[in-house]
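Report on the following structure.
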Amino acid sequence: MSTTQELHELPAQYDPGQTERAIYERWIEAGIFSADEKRSRRNGGDRDPFAIIMPPPNVTAALHMGHGLNNTVQDVIVRWRRMIGDETLWQPGTDHAGIATQNIIEKQLAAEGKTKFDLGREAFVERTKAFVAETGGEILRQLRAIGCSADWTRTAYTLSPELSAAVREAFVQLYERGLIYRGHRVIHWCPRCLTALSDEEAQHSEEMGNLYHIRYELADRPKGAPSLADQMKLEQNDTAFGYLTVATTRPETMLGDVALAVHPNDERYKRLIGKSVILPIANIKIPIIADEYVDPAFGTGVVKITPAHDPNDFEVGLRHKLPMPVIMAPNGTMENGVDAGDRVPPQLIGIDRFEARERIIRSLEKSKLLVKVEPHQHAVRHCYRCDTVVEPRLSDQWFVKMQPLAKPALEAVRDGTIRILPERWEAVYINWLENIRDWNISRQLWWGHRIPVWYCDKCDSKIVSRTDVSACDKCGGAVRQDEDVLDTWFSSWLFPISTLGWPDKSSAALAAFCPTDDLITAPEILFFWVSRMVMAGYAFMDAPPFHTIYLHGTVRDTNHVKMSKSLGNGIDPLDVVEKYGADALRYTVIAGMGMGADLVLDHRDLERSFAPGRNFATKLWNIGRFLLVNVGTTPVRSVDELGDSELTLGDNWILARLNATILEADMALGSARPEKGKWRLQERYSGLRLSEYAEAARRFVWDDVADWYLETTKGRIGTPGNDSEVARAVLTHVFDYALRLLHPIMPFITETLWQRLPSPVAA
RNA sequence: GGGCGAGUAGCUCAGUUGGUUAGAGCGCCUGCCUUACACGCAGGAUGUCGGGGGUUCGAGUCCCUCCUCGCCCACCA
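Heads up: the first sequence runs through residues 90 to 852, numbered per the working numbering.
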């Protein structure tokens, strides 16, 4: 502790670097961030609980402005509720981030000239664990630098023993309820990560490609039909010549074709249904079938059917009981896989799919089977982790049946149990859930929660278990565990309950804080994470995991490009903290973010970008200095004790402005929770307007207190007497409350100044 | 293809249920180194509120239409 003398000395220049760290240490020592479940009203305590689950950053992540914005918003809300008197929990944690972390280690290995297979599964996992233990979680330490008041004593990790137990429990429960099944179908496959992906992880992007028109020769081509050379003059699909032209964007998959399909009512091709064509290159006979799936208006009205490498074709294949040859290896090179026979000719085996596309086109050109190539814009899916073009691929995966889970999640938003801010995202959420598809949760990775399923090869039984299985429960034979791990999001969707102790339903923390209150994140993970948490809440607790979803904007540069390290347009929040202080960073982002609006910052001009916060912090500092110099340190009278006749017009005005500002701030922040479990319409879409709260406070402090009221007190305070005492008291009171008002946004400087205010005493 | 959002001062954005001279920050201009603060103070300029049409006593705010950006979702090969 400082001496009284030091306490009252303020340097002319505010230097956040000098003070912030020490203040944070004191907060930690005082334990003020630790939530006590016993004090929650739900456990018979005397305080309303208030809880926020921090979106767990990847364990290997480094802090960027997106985290800065996200966590500042959460911290402002958490500090606000804590000051109100709620028993407040901000639950922090990290995500083991299956694919992302595994990719890092694989890159390390590649640099050493090795692959994960050189290590083997066990060694690979050990190495990853060691890497995480050594470098992981750094981001949580970085969050302290911006003042985040999470309860670090409860820091969670999705791959910890506790959370892993929750993952197993969730898997087994869903399996027992018939909501998890093994499916054989075409899924999204990343040939670089060598794993299946969920629909959400395979992200569309519009790209220019080509539509290749390719001739397939009819198996019973009339003998007298014109030669191919003659036909080359024709572009239309004149079947009289004995050929059918197909339009495709992916000719490399044609080796896996098992049929051509036309619309049953397409007059052009009706008579061909049931006949056959010769699949070029592979030289096999395949049937012409009729299926409603075909759109006669697109391309030539003839579709090649490749069931193992296209989800639609797979459905067609099922309907028509067609074979499903796999003609590509997991890494995207051509090979004769399951049921492929020798469809892929030797010269193409081992060739990458895109190179194979070129070669096949050249070959078709040579044999006059390529009619034309036209540019064509279409959506291509990419791996959300490595951006590789995803390959649809037939395989066995584990799925969660989502429709039953989606039902209560939909209802919750429809009936106002859960609100989404800004309002417009509710429609997006509802639309997604209404059209929900089953969730592929198995990943062919090594880093993650291994699927808790064991197989007995002896008696062919399958054991799904909460605990490890060493022998078959039926025949006692040896068992082997499923090789795959679970989607990372299968652990994070449990975060609001697993971090509080679920599946132990007697957990005091779970009782105290679940359902939690606000969930604050970016819209990008609304489907990945947020909606799934809602579903998990209802599935496992029969309750919503939170009542408010607040989706804030994205941090962008002045060209509106999303900030990212890889693009070189990022801002390191720690840089900003070092240069201007955490409070400057915090005030700037809070004041700069409208409800759901993006935050635009200039990475080439940090000073200009963060001037609003830095300038305001300096202003506060100087008001503080004025107080110390002019008001002094001797106690002031309590404002409550001042008589009406003692107060000047100016005193009354600034006191009224203070009250009005507090009201404004309260209005901007709104109700912390719905009154009876459901949001009433008048409150549902109001509140959490942090920028309005910040602006109200700034206007009061700067325009009213500093520029106006403080000036009027200079003469009064300088003239000893009763009025001087009144002015000292009112000014101190007003600044005291201004500091409290601003504390959630600018915790460090307000704490520093507040500690030095003269204390009010009864007259 | 479906859905959503945005277009307001040079820049980034506020403008809640339609109502007095349209606001803030940053920038700009003019004075001021006034003993809290030049990261400041006092004052100032700046906008046919994307275009067009309509409803209304009155519209940035409601309706129609068009244009330009952006986002999300999607099995037209």
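Note that beta-carbon positions come from the ideal geometry of N, C-alpha and C, so glycine has one too.
Local Cβ density within 10 Å of N372, reported as buried at 16 or more and exposed below that: Along the first sequence, read from residue 1 onward, the residue named residue 372 stands at position 283. With fewer than 16 other Cβ atoms within 10 Å, it is exposed.
Helix, strand or coil at Y305 [DSSP, three-state]: Translated into the one-based positions of the first sequence, residue 305 becomes position 216. Strand, per DSSP.
Under the three-state DSSP convention, the category N811 falls into: In the first sequence, the residue the question calls residue 811 occupies position 722. The answer is helix: DSSP assigns N811 an H, G or I state.
Residues near I552 by beta carbon distance below 8 Å, same chain, minus five either side: Here residue 552 refers to the residue found at position 463 of the first sequence. Same-chain partners within the cutoff: V542, W543, Y544, C545, V558, C561, D562 and V568.
Reduced DSSP category for K668 - H, G, I as helix; E, B as strand; rest coil: For this step, residue 668 is matched to residue 579 along the first sequence. Reduced to three states, the DSSP call for K668 is helix.
When F139, L229, I193 and P144 are compared against I173, the one with the closest alpha-carbon: Position 84 of the first sequence, counted from the first residue, corresponds to residue 173. That would be F139, whose Cα lies nearest to the Cα of I173.
Bridge-paired residues (DSSP) for V489: Along the first sequence, one-based indexing puts residue 489 at 400. Answer is I269 and W528, bridged to V489.
First and last residue of the uninterrupted beta strand (DSSP E) at W543: Walking along the first sequence from the start, residue 543 turns up at place 454. First-last of the beta strand (DSSP E) with W543: V542 to C545.
8 Å contact criterion, which H641 and V479 should meet: CB distance rounded: Translated into positions along the first sequence, residue 641 becomes position 552. Translated into positions along the first sequence, residue 479 becomes position 390. At roughly 29 Å, the Cβ-Cβ gap does not stay under 8 Å, so H641 and V479 are not in contact.
Whole-number beta carbon distance between W536 and V502, since they are thought to touch under 8 Å: The count along the first sequence starts at 1 and reaches residue 502 at position 413. The count along the first sequence starts at 1 and reaches residue 536 at position 447. With 8 Å as the limit, V502 and W536 do not qualify as a contact, their Cβ atoms being about 34 Å apart.
Integer Cβ distance of P633 from T506, believed to fall under 8 Å: Working through the first sequence from its first residue, we reach residue 633 at position 544. Working through the first sequence from its first residue, we reach residue 506 at position 417. Contact flag correct, Cβ pair sits at about 5 Å.
Cβ-Cβ separation, W582 to M622 (assumed contact under 8 Å), whole Å: Translated into positions along the first sequence, residue 622 becomes position 533. Translated into positions along the first sequence, residue 582 becomes position 493. Yes, M622 and W582 are in contact; Cβ-Cβ is about 5 Å, under 8 Å.
Rounded distance between the beta-carbons of F629 and A254, thought under 8 Å: Position 165 of the first sequence, counting from 1, holds the residue named residue 254. Position 540 of the first sequence, counting from 1, holds the residue named residue 629. With a Cβ gap of about 13 Å, A254 and F629 do not count as contacting.
One or two residues paired with M423 in a DSSP bridge: In the first sequence, counting from the first residue as 1, residue 423 sits at position 334. Note: M423 sits in a beta bridge opposite M417.
contact_flag[the region 810–821, the region 722–732] where n(CB pairs < 8 Å) is 3 or more: yes
Length of the line joining the Cα atoms of A239 and W179: Stepping through the first sequence from its first residue, residue 239 is reached at position 150. Stepping through the first sequence from its first residue, residue 179 is reached at position 90. Their backbone Cα atoms lie some 5 Å apart in a straight line.
Contacts around G226, its chain only, beta-carbon distance under 7 Å, and the 5 residues preceding and following it disregarded: Looking up residue 226 in the first sequence gives position 137. Within the same chain, G226 has close Cβ partners V148 and T183.
Three-state secondary structure (DSSP) of S129: Stepping through the first sequence from its first residue, residue 129 is reached at position 40. Residue state for S129 is assigned as strand, using DSSP reduced to three classes.
Outcome for G106 when other beta-carbon atoms lying within 10 angstroms are tallied against a minimum of 16: Here residue 106 refers to the residue found at position 17 of the first sequence. Exposed.
Sequence-distant residues of the same chain with beta carbon closer than 7 Å to S596, five excluded per side: Sequence index remark: in the first sequence, residue 596 carries index 507 (1-based). Closer than 7 Å at the Cβ level, and outside the excluded window around S596, lie L589 and G590.
In chain order, each alpha helix (DSSP H) run of at least 4 residues that lies wholly inside the region 770–827: 770–773, 779–787 and 799–807, all fully within the region 770–827.
Where the alpha helix (DSSP H) through E463 begins and ends: If you number the first sequence from 1, residue 463 lands on position 374. Per DSSP, E463 belongs to no alpha helix (DSSP H); it is in the beta strand (DSSP E), L459 to C472.
Rounded C-alpha distance that separates V678 from M652: Taking the first residue of the first sequence as position 1, residue 678 is located at position 589. Taking the first residue of the first sequence as position 1, residue 652 is located at position 563. Between V678 and M652, the C-alpha separation is close to 14 Å.
Stretch pair the region 520–534 + the region 485–495: three plus CB contacts closer than 8 Å: yes
Other residues of its chain near S129: CB distance less than 7 Å, five sequence neighbours each side excluded: Along the first sequence, read from residue 1 onward, the residue named residue 129 stands at position 40. Same-chain partners within the cutoff: R136, P138, E176, A601 and F602.
8 Å Cβ cutoff met for A308 and K218: The sequence position of residue 308 within the first sequence is 219, counting from 1. The sequence position of residue 218 within the first sequence is 129, counting from 1. Contact flag unset, no.
Spatially closest choice to E424 from H409, D441, L411 and R408, by CA coordinates: As a first step, residue 424 is located in the first sequence; it is residue number 335 there, counting from the start. Of H409, D441, L411 and R408, the residue nearest in Cα terms is D441.
Same chain, Cβ closer than 8 Å to E784, neighbours up to 5 away in sequence not counted: Locating residue 784 in the first sequence gives position 695, counting from the first residue. Once the five neighbours on either side are set aside, the close Cβ partners of E784 are A680.
Closest residue to R168 among R513, V214, A761 and L717 (Cα-Cα distance): Within the first sequence, the letter at position 79 stands for residue 168. Looking at the Cα atoms, A761 is the closest of the given residues.
Local conformation of Y382 per DSSP, three classes: The residue you call residue 382 lines up with position 293 of the first sequence. Y382: coil per DSSP, three-state reduction.
Three-state secondary structure (DSSP) of T217: Here residue 217 corresponds to residue number 128 of the first sequence, with the count starting at 1. Looking at T217 - three-state DSSP - the assignment turns out to be helix.
Nonlocal neighbours in the same chain, by C-beta distance under 8 Å from T204, ignoring five residues either side: Taking the first sequence and counting its residues from 1, the one referred to as residue 204 is at position 115. Contacts found: E195 and L198.
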